[in-house]
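A short worksheet on the structure shown next.
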Amino acid sequence: MKRLLITAASVLALTASPAFAQDMVVTNAKLVIGDGGAPIEGGVVIVDDGKVVFAGVPTPGQTFSTDVLIDAGGAWVTPGLFATVTTLGLADVSAVDESNDITARETPFSAALDAATAINPTSQHILVHKAAGITRAATSMMPSGSIFAGQGAIIDLDGDAKPVMQARAFQMINLGEGGADRAGGSRAAAHALLRSALREAQALVGKSGIPETTEIGKDDEVFLSRFDAEALVPVVTGKQKLYVAVERMADIRAVLALKAEYPKLDLVLVGVTEGWLVANEIAAAGVPVIANGLNDLPETFEQLGATQSNAGRMAKAGVTVAINAESLQNPRRLQQVAGNLVALTRIPGASGMDWGKAFAAISSVPAEISGMGGKAGVLKPGALGDVVMWSGDPLEVGSVPTKVFIAGVEQDLSNHQTRLRDRYIDLDESDRPKAYDW
Amino acid sequence: MGALATLVSALALSACATTGGSGEAASASDKAKDDAFAATPAGDPVFASTYKPYPNIATAIRGATIYDGKGGKIENGVVFMSGGKITAVGGPATPIPADIAVFDGTGKFVTPGIIDIHSHLGDYPSPGVEAHSDGNEATAPTTPEVWAEHSVWPQDPGFSRALANGGITALQILPGSANLMGGRSVTLKNVPARTMQGMKFPGAPYSMKMACGENPKRVYGSRGRMPSTRMGNLAVNRETWLGAIDYANDPKAKRDLGKETLVGVLKGEILIQNHCYRADEMALVLDMAKEMGYKVAAFHHAVEAYKIGDLLRENDVCSAIWADWYGFKMESYDGILENAAFLQREGACVVIHSDDQNDIQRLNQEAAKAQAAGARVGIDIPDATVIQWLTYNAAKAMGIADMTGSLETGKMADVVLWNGDPLSVYSRPEKVWIDGALMFDAMNPKTRPVSDFELGQPGEGDVK
């Protein structure tokens, strides 16, 4: 709330623009709450001071006053999508190294890396994905020099001066093939590095009775510096979530077993291609999953059991499942993946999700996993006023947002791509070259 | 190539002349024949297809919406296939024999088999381990002598996913794009087989893969070799073409596998599939092709094709593109969702391709995205035309459009029955026929192909 007011004031001061959160009422919507339920015809959303105050079917005679009245004309209206895990804001062009802050292979630091310090809110990827209806995201560096990716942030996509809602929201590590490679060549090395790192963190807390060492390294290479160990204190004390990327059944079990040694760990599983094979164990452990959506190929030896039915089967077993944006060509495909999960419900032998649950897997569920439950990815009183109006069924591949509001503020949906689209709407250069057409 | 033919026929002639002599001379000649080593002459079929259509029964689908692959649409239509061929396509009154298998297509859709013009299945198979990395002979900037078919691992589980989820009935396997000239492609029927030859599409022409831009100059420039720049790319290409022209004109030239491929291109027997992102580079390639006397069948990836739709139409070049890939490398920075629609607006040829073991399972969805982007800027492209992007246009750019790619009498019965509108995210292939044989049926788990690699592994025979 405070942040929103500050944001609004700074936008006003900088641009004298009226683009600050105001009362807004959307009527006549095919309304999606985002909590897993079915769409509601004739829905109304009321946003006041940047927050949702009402979403549902109004009772007869209910009145409201507003600055802005939007008749949706029966269009789909949903909460903003919540993308996790992403690298949004950390690169302009991933293959252009200079523009890429996603990985940092040469740094001596690992767990201490803080993605929030590198987020660029005006990255084209942020603008493009805002136009695709994603209003909030969990964004993180990716493991490169270590099993630790560093600390990820929860961001909004409104492109203003304050993209970071929550810095250091989670630590991410890889304990599968990727982690094994980075730890020196074996999963055992990755697990030893994790345990030694957590041991260091416990020592720093001062309760374990274990003396501190200085750093963990080999030859000239530092695996874990003092600064990194300090960054793991909130992990080992359960104050910061630990996202663990694994794919195969045995690795999933090895992660769940960490809870016995480190009971305070607040675990989230990421990837989890073979999760369906141990779905009951994941559900029993109460560990949520950010699952690769449609992977169905044994692309590695840790994904032999890959099937598109993975997410559906885990959900059926009671696992909390969000769709992993990082497994996609780009995060704006989240809606396509969710739509495919619905399609699977019509295939004999397959498991998918019904429409409402599939939508929740890209809105409220990832928000909850990210610690934003009730605040993002859902249209309920008290939630942030992230409202998206669509050209059609939001899970259909041809649909796009027609309006996007973030915290009650209508967003400009233009970006590099829309400008190119406008320029090349024809190829007419009879008067002047295209460079004059802008 | 011409030179080789001459040499071989000269040998044959002299053999003829001697066999006419005395018994002794004949036996000497036989000895000489035994001692003379000779490869199969260039141009004769080698690594020939052994594919034969699998047993099939006369089958009709009735009551479905049919997209014929060439822009036609029939409501409540009938498709009748027999003997592995399309026998009839038409409206509800189309006659079908009484004693054949008939599927009710009410509420369903029929399209030609989906064709992917750009795949690396088999060459970069799953699992994607180093030992399987067979898609790019990245050891020299031009390797026209390599043939993608010699890397195809038919046990790649990706083929079955493309069949079951994507309705893919034919696909072109291309070498990678590290090289300016990456080698020959192979077109496959998407049937499980023990050998590559068991998949090889009978009668399909070869293509040669070329690549513009960042990849060749990066891969070789970083090794201190030419090319390290885009101008280096063009220079190496042109020198190589000139060498091929000299070879073609030299009756005494020693046989050269790479130049045989290049000469095949100059003769129009081998097509060019050219990886190229940027509009300005595509224009350069078109001029190089004119200079050297060959034709480009399709630009692949072509994220900036929309900037030169007029030029591409005038040169009769297809653009094989993604719907929404952008921004992952510098030359993809200007990718936009409207690329296909803007090309269609100019009357240029659009093909939707995958270049990906996952996207090949959803080319229909990618096409739908591209169609919708056009509609939003007032370019309304009929569904039947969009299906053409994945079928006839792909077949045309691969040189197989006289055999497959559309539902026309006498063509191969490569057919997909979809359980709903194929341009909807909610639809999937229900049945897939290849040459009239039912190779996948979503209703029958035993029709899920399981590769050797998957046997005894978790999820063997699972729905994928």
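As they're listed, the protein sequences go chains A and B. For the record, in the first sequence the residue sitting at position 426 is 426 according to the working numbering, with numbers rising by one throughout. To convert, take the position in the second sequence, counting from 1, and add 1000; that gives the working numbering. Ideal Cβ positions, reconstructed from N, Cα and C, are used throughout, including at glycine.
At least one CB of chain B lies nearer than 8 Å to the CB of valine 96 of chain A. Excluding the 5 residues flanking it on each side, glycine 1069 of chain B has same chain C-beta neighbours closer than 7 Å at Thr1111, Pro1112, Ile1387, Gln1388, Thr1391, Tyr1392, Gly1405, Ser1406 and Leu1407, in chain order. Chain-order list of chain B residues neighbouring serine 370 of chain A: empty, with the shortest C-beta distance near 24 Å, by a criterion of under 9 Å. For the pair isoleucine 40 of chain A and valine 47 of chain A, the Cα-to-Cα distance works out to about 18 Å. The beta-carbon distance between glycine 176 of chain A and alanine 245 of chain A, rounded to whole angstroms, is 6 Å. This is short enough to meet the 8 Å contact definition. Interface with chain A (8 Å Cβ-Cβ cutoff): proline 1154 of chain B is excluded.
Closest in C-alpha terms to glycine 1182 of chain B, from the list B:Ile1272, B:Arg1194, B:Gly1158 and B:Asp1246, comes B:Ile1272. DSSP, read as helix, strand or coil, puts histidine 1353 of chain B in coil. Scanning A:Ile323, A:Ala260 and A:Asn28 for the CA closest to the CA of serine 363 of chain A turns up A:Ile323. In this structure proline 366 of chain A is buried. Its beta-carbon is surrounded by 16 or more other beta-carbon atoms within 10 angstroms.
Within chain B, no residue has its beta carbon less than 9 Å from that of tyrosine 436 of chain A; the closest one is some 15 Å off. Contacts between glycine 305 of chain A and chain B, judged by CB atoms closer than 8 Å, involve Gln1457, Pro1458, Gly1459 and Asp1462 in chain order. Listed in chain order, the non-local C-beta contacts of glycine 217 of chain A below 6 Å within the same chain comprise Phe223, local neighbours out to five positions each way being set aside. In this structure, alanine 137 of chain A keeps its C-beta atom at 8 Å or more from the C-beta atom of proline 143 of chain A. In its chain, beyond the 5 residues on either side, Gly89, Ile119, Pro121, Ile155 and Asp156 have a beta carbon closer than 7 Å to the beta carbon of proline 163 of chain A.
In the three-state scheme derived from DSSP, where H, G and I count as helix and E and B as strand, isoleucine 102 of chain A is classed as coil.
Chain-order list of chain B residues neighbouring isoleucine 347 of chain A: Arg1428, Ala1442 and Val1463, by C-beta distance under 7 Å. Rounded to the nearest angstrom, the gap between the Cα atoms of leucine 384 of chain A and alanine 407 of chain A is 5 Å.
For asparagine 1179 of chain B, no beta strand (DSSP E) segment is defined, and its DSSP state is neither H nor E.
Annotation: the continuous alpha helix (DSSP H) that includes phenylalanine 359 of chain A extends over 355 to 360.
Interface flag for asparagine 292 of chain A against chain B is unset, since no Cβ pair is found closer than 8 Å. When rounded, the separation of the alpha-carbon atoms in phenylalanine 1299 of chain B and glycine 352 of chain A is 37 Å. In this model, isoleucine 1100 of chain B and aspartate 1380 of chain B are separated by some 39 Å (Cα to Cα). Taking phenylalanine 64 of chain A as the centre and dropping the five residues before and after it, the same chain places the C-beta of Val25 and Ile46 closer than 7 Å to its C-beta, in chain order. For the set B:Thr1187, B:Lys1290, B:Met1081 and B:Ala1164, the Cα lying nearest the Cα of leucine 1171 of chain B is the one of B:Thr1187.
For the segment 416 to 429 of chain A, the set of residues with a beta-carbon nearer than 7 Å to any beta-carbon of chain B comprises Gln417, Leu420, Arg421, Tyr424, Ile425 and Leu427, in chain order. Residue contact with chain B for histidine 191 of chain A: absent (no Cβ-Cβ distance below 8 Å to any residue of chain B). With a contact defined as Cβ atoms closer than 8 Å, cysteine 1349 of chain B and glutamate 1281 of chain B miss out at about 19 Å.
For glutamate 221 of chain A, the pairing in a beta bridge is given by DSSP as A:Lys218.
At a cut-off of 8 Å between beta-carbon atoms, isoleucine 1336 of chain B makes contact with chain A. Among the CB atoms of chain A, none fall inside 8 Å of the CB of aspartate 1316 of chain B. Per DSSP, reduced to three states, the secondary structure at threonine 1229 of chain B is coil, with no helix or strand assignment.
With fewer than 16 other Cβ atoms inside 10 Å of its own Cβ, valine 1046 of chain B counts as exposed.
Residue range 187 to 205 is occupied by the alpha helix (DSSP H) that includes leucine 193 of chain A. Residue state for methionine 1292 of chain B is assigned as helix, using DSSP reduced to three classes. For lysine 1254 of chain B, there is no enclosing beta strand (DSSP E), since its DSSP letter is neither H nor E.
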